[in-house]
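Q: One structure, as structure tokens, below. Some questions next.
In the numbering used here, the protein residues as written are 26 to 307.
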């Protein structure tokens, strides 16, 4: 959204235009804090149990239990225990599939921006494309609402990851066809496919997040959620590590290939561990 706003509001690379854009975005971010606080308070008013704290005795017992566990088990054993708890969840395959998507470089990120600059796109054009991709991604919230109301959550997750795989396969084909050339047509197909894939990305994200909310027991939900964030950070770090290894822009198709491969693996994880899993009924 920032890139799209800069494209609309700035007519030249002047300090005055950029200062106005920076002030406006600062005001928007400040206003978003107010809106977020309002809705957070609204949620707590509708679900009072979320605001309830544990009793002092429970807190002390939990602290004693935690201290004893730390003294008995080493850090490595604790880490393995958390991963074991994570993998034993019925939705672990879908959660791992979601984490794998963080390896994909065919998205509006830093690596993709560097490649587009190398291909000769102007920064304002790249900003506009990123803004459009963000707006299109918001449609994922609409498609998720429609799909989840008419289909089950696992069906929603299945079609969304399938659609994402189709979009990125087309993108990768266009990228490979334009390798060694500067075909504008293939570049347009690449950017359009990435924009379209954002719809399925957010639909899939919300589907898996809701499945985790429904299927993971409350007593281990924090542990599983923390492990999930760690897995996502791991694959995100792997993406940038691959970016360092294949740092030459002419090798971007290799980096993109790893991303598409991760989506293929995610597709089969969702297919066999979520969609065909008879234990998942939602």
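Quick reminder that beta carbons are idealized off the backbone N, C-alpha and C, glycines included. Keep in mind the model is a prediction, meaning the values are calculated, not measured.
1) Of the choices 305, 54, 306 and 204, whose alpha-carbon is the least far from that of residue 279?
2) From which residue to which residue does the alpha helix (DSSP H) around residue 255 run?
3) At which residues does the alpha helix (DSSP H) containing residue 127 begin and terminate?
4) Does the Cβ of residue 227 have 16 or more other Cβ atoms within 10 Å, making it buried, or fewer, making it exposed?
5) I need the DSSP call for residue 297, collapsed to helix, strand or coil.
6) Give me the Cα-Cα distance between residue 295 and residue 48, rounded to the nearest whole angstrom.
7) Taking the alpha helix (DSSP H) that residue 223 falls in, what are its first and last residues?
8) Does the distance from the C-beta atom of residue 240 to that of residue 114 stay below 8 angstroms?
9) Do you know how far the Cα of residue 195 is from the Cα of residue 285?
10) Taking the C-alpha atoms as reference points, what is the distance between residue 297 and residue 231?
11) What span of residues does the alpha helix (DSSP H) with residue 145 cover, start to end?
12) Taking DSSP as the reference, what is the three-state secondary structure of residue 114?
13) Taking the alpha carbon of residue 233 as the point to measure from, which residue in 159, 191, 125 and 259 has its own alpha carbon closest?
14) Buried or exposed: which applies to residue 129, given that a residue is buried once 16 or more other Cβ atoms fall within 10 Å of its Cβ?
15) Buried or exposed: which applies to residue 265, given that a residue is buried once 16 or more other Cβ atoms fall within 10 Å of its Cβ?
16) Please confirm whether residue 229 and residue 158 have their CB atoms less than 8 angstroms apart.
17) Using the Cα positions of residue 184 and residue 210, report the straight-line distance between them to the nearest angstrom.
18) Grouping DSSP H, G and I as helix and E and B as strand, with all else coil, what is residue 176?
19) Measuring alpha carbon to alpha carbon, tell me which of 198, 118 and 225 ends up nearest residue 187.
20) Looking at residue 135 and residue 223, is the spacing between their C-beta atoms short of 8 angstroms?
21) Determine the direct distance from the alpha carbon of residue 62 to that of residue 291, and round the result to whole angstroms.
22) Please classify residue 242 as buried or exposed, where buried requires at least 16 neighbouring CB atoms within 10 angstroms.
23) Between the C-alpha atoms of residue 166 and residue 156, what's the straight-line distance to the nearest angstrom?
24) May I have the straight-line CA-CA distance separating residue 55 from residue 299, to the nearest angstrom?
25) Can you tell me the Cβ-Cβ gap for residue 189 and residue 288, rounded? I've got them flagged as a contact below 8 angstroms.
26) Closest by CA to residue 123, which one among 235, 276, 219 and 245?
27) Spell out a yes or no on whether the region 269–277 and the region 105–120 are touching, meaning 3 or more CB-CB pairs, one atom from each, closer than 8 angstroms.
A: On the basis of the data shown:
1) Translated into the one-based positions of the chain shown, residue 279 becomes position 254. It is 204.
2) The count along the chain shown starts at 1 and reaches residue 255 at position 230. First-last of the alpha helix (DSSP H) with residue 255: 243–270.
3) If you number the chain shown from 1, residue 127 lands on position 102. Careful: residue 127 lies outside any alpha helix (DSSP H) and carries neither H nor E.
4) One-based indexing of the chain shown puts residue 227 at position 202. Looking at its Cβ environment, which holds 16 or more other Cβ atoms inside 10 Å, residue 227 is buried.
5) Position 272 of the chain shown, counted from the start, is the residue given in the question as residue 297. Residue 297 falls in the helix class under three-state DSSP.
6) Sequence index remark: in the chain shown, residue 295 carries index 270 (1-based). Sequence index remark: in the chain shown, residue 48 carries index 23 (1-based). Those two C-alpha atoms are separated by around 44 angstroms.
7) Position 198 of the chain shown, counted from the first residue, corresponds to residue 223. Its alpha helix (DSSP H) spans residues 209–240.
8) Here residue 240 refers to the residue found at position 215 when the chain shown is read from its first residue. Here residue 114 refers to the residue found at position 89 when the chain shown is read from its first residue. In contact: residue 240 and residue 114 (Cβ atoms closer than 8 angstroms).
9) Counting from one through the chain shown, the residue named residue 285 turns up at place 260. Counting from one through the chain shown, the residue named residue 195 turns up at place 170. In a straight line, the C-alpha of residue 285 is about 10 angstroms away from that of residue 195.
10) For the purposes of this step, residue 297 is taken as the residue at position 272 of the chain shown. For the purposes of this step, residue 231 is taken as the residue at position 206 of the chain shown. In a straight line, the C-alpha of residue 297 is about 19 angstroms away from that of residue 231.
11) The residue given as residue 145 occupies position 120 in the chain shown. That residue, residue 145, is in no alpha helix (DSSP H); it is neither H nor E in DSSP.
12) In the chain shown, counting from the first residue as 1, residue 114 sits at position 89. If DSSP states are grouped into helix, strand and coil, residue 114 belongs with coil.
13) As a first step, residue 233 must be located in the chain shown, where it is residue number 208. When each option's Cα is compared against that of residue 233, the closest is 125.
14) Counting from 1 along the chain shown, the entry for residue 129 is found at position 104. So residue 129 counts as buried.
15) Taking the first residue of the chain shown as 1, we reach residue 265 at position 240. Under this definition residue 265 is an exposed residue.
16) One-based indexing of the chain shown puts residue 229 at position 204. One-based indexing of the chain shown puts residue 158 at position 133. No. Outside cutoff.
17) Here residue 184 refers to the residue found at position 159 of the chain shown. Here residue 210 refers to the residue found at position 185 of the chain shown. When rounded, the distance between both Cα atoms is 28 angstroms.
18) Here residue 176 corresponds to residue number 151 of the chain shown, with the count starting at 1. Correct three-state label for residue 176: coil.
19) Residue mapping note: residue 187 aligns to position 162 of the chain shown, counting from 1. Measuring from the Cα of residue 187, the nearest candidate turns out to be 225.
20) Stepping through the chain shown from its first residue, residue 223 is reached at position 198. Stepping through the chain shown from its first residue, residue 135 is reached at position 110. For residue 223 and residue 135, no; Cβs fall outside 8 angstroms.
21) To locate residue 291, count along the chain shown from 1; it is residue 266. To locate residue 62, count along the chain shown from 1; it is residue 37. Their backbone Cα atoms lie some 35 angstroms apart in a straight line.
22) Taking the chain shown and counting its residues from 1, one reaches residue 242 at position 217. It is exposed - the Cβ of residue 242 has fewer than 16 other Cβ atoms within 10 Å.
23) In the chain shown, residue 166 corresponds to position 141, counting from 1. In the chain shown, residue 156 corresponds to position 131, counting from 1. If I take the Cα positions, the gap works out to 17 angstroms.
24) Here residue 55 corresponds to residue number 30 of the chain shown, with the count starting at 1. Here residue 299 corresponds to residue number 274 of the chain shown, with the count starting at 1. In a straight line, the C-alpha of residue 55 is about 40 angstroms away from that of residue 299.
25) Taking the chain shown and counting its residues from 1, the one referred to as residue 189 is at position 164. Taking the chain shown and counting its residues from 1, the one referred to as residue 288 is at position 263. Rounded, the Cβ-Cβ distance is 6 angstroms, consistent with contact.
26) Within the chain shown, the letter at position 98 stands for residue 123. Minimum Cα distance to residue 123 is reached at 235.
27) no
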